[in-house]
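The opening residue of the sequence shown carries number 2 in our numbering; numbering runs sequentially from there.
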Amino acid sequence: MIEGGTGKALTVAKVEDLLVKVNIDGPVTLERIAVARQLLNEIRVLDAARVEVRKRTAAVITATGTAVTDIHGIGPLTAAIIIGRVGDIRRFPSAGHFARHNGTAPIEASSGPKKRHRLNPRGDRQLNHAIHMAAVTQVGHNTPGRVYYLRKQAEGKTRKEAMRALKRHISSAVYQRLISDSRS
C-alpha cells in the first residue's frame, strides 16, 4: 500500500495516519485497508492484554517480597521467570549446583598450558537467558556489575569470557537472595 515501505518503526497511531493517506484506487486497495484496520484492532487488544499481564505479574512479584528484584537488571518479569523456573531453591545445595542448573557454570575447554573455559550449552536455557539479560543490563549501566565486567577484561579476559564471569557472579547473587527468601 505504501510504495517502498515506511522505512521506520511503526506504532498503531502511525499506521492509522498512513491508512488515511492511502490513495484508494480500487476494491483491492479498499480490502487491504479493511484488513489492515482489523489487524490494528487485534494489535490494540494484544497490547492491552500485555500491559495487564505485566501489571499483574509485577503485583504478584511485589507481594512475594522477593529480594531477587534488588539485583540491578532484574525487574518483576525477569524475577517471575527466575522464580518460576527455579521452583524450590533448597533443592540446590550450593551456588555452584545452581549455576550448573542454569548453565552459567563454565565448562573447561583447555588445550595445552593455557586454561580456557567455554559456555555451558546445558542447563535451563530460559533461566540462563534471564540471567544473561540482567548481565547485559548491568554492563550497559554504571553498576557494580559493569565494574566487575571491566575488571575481568583488564585481567585479560575477552568480552565473552568477562560476560560469562559476570553471569556466574549474578547467578550466585540470585542464589543467595532466593535462599534468604526461602528462610523468611
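For every residue, glycine included, the Cβ atom is placed at its ideal position computed from N, Cα and C.
I need the straight-line Cα distance from residue i to residue j, nearest angstrom please.
i, j, result
"residue 82", "residue 121", "20 Å"
"residue 25", "residue 33", "10 Å"
"residue 99", "residue 176", "7 Å"
"residue 180", "residue 172", "12 Å"
"residue 168", "residue 46", "36 Å"
"residue 117", "residue 159", "11 Å"
"residue 163", "residue 85", "27 Å"
"residue 115", "residue 183", "41 Å"
"residue 9", "residue 30", "22 Å"
"residue 90", "residue 178", "10 Å"
"residue 137", "residue 144", "11 Å"
"residue 64", "residue 53", "17 Å"
"residue 59", "residue 28", "47 Å"
"residue 22", "residue 16", "10 Å"
"residue 14", "residue 35", "16 Å"
"residue 113", "residue 135", "34 Å"
"residue 68", "residue 49", "29 Å"
"residue 155", "residue 57", "42 Å"
"residue 20", "residue 51", "25 Å"
"residue 109", "residue 55", "39 Å"
Contact check, residue i vs residue j under 8 Å by CB: the rounded distance?
i, j, result
"residue 147", "residue 139", "6 Å"
"residue 103", "residue 78", "No, residue 103 and residue 78 are not in contact; Cβ-Cβ is about 17 Å, not under 8 Å."
"residue 149", "residue 130", "Contact doesn't hold; Cβ gap of about 20 Å is too wide."
Sort out for me which residues DSSP pairs residue i with in a bridge.
i, result
"residue 133", "According to DSSP, residue 133 bridges with nothing at all."
"residue 112", "115"
Considering Cα atoms alone, identify which of the options is closest to residue i.
i, options, result
"residue 188", "80, 28 and 156", "Any answer about residue 188 is impossible in this case: the structure gives the chain only from 2 up to 185."
"residue 1", "157, 87, 44 and 10", "With the chain running from 2 to 185 in the structure shown, residue 1 is simply not present."
"residue 38", "109, 119 and 18", "18"
"residue 101", "109, 123, 119 and 110", "123"
"residue 1", "44, 143, 28 and 27", "This structure leaves residue 1 out entirely; the chain is present only between 2 and 185."
"residue 161", "185, 145, 143 and 133", "133"
"residue 166", "35, 142 and 119", "119"
"residue 185", "66, 41, 55 and 40", "66"
Quiz item: With a cut-off of 8 Å, do at least 3 Cβ pairs link the stretch 70-81 to the stretch 89-105?
Solution: With a cut-off of 8 Å, the stretch 89-105 and the stretch 70-81 do not count as touching, because too few Cβ pairs lie within range.
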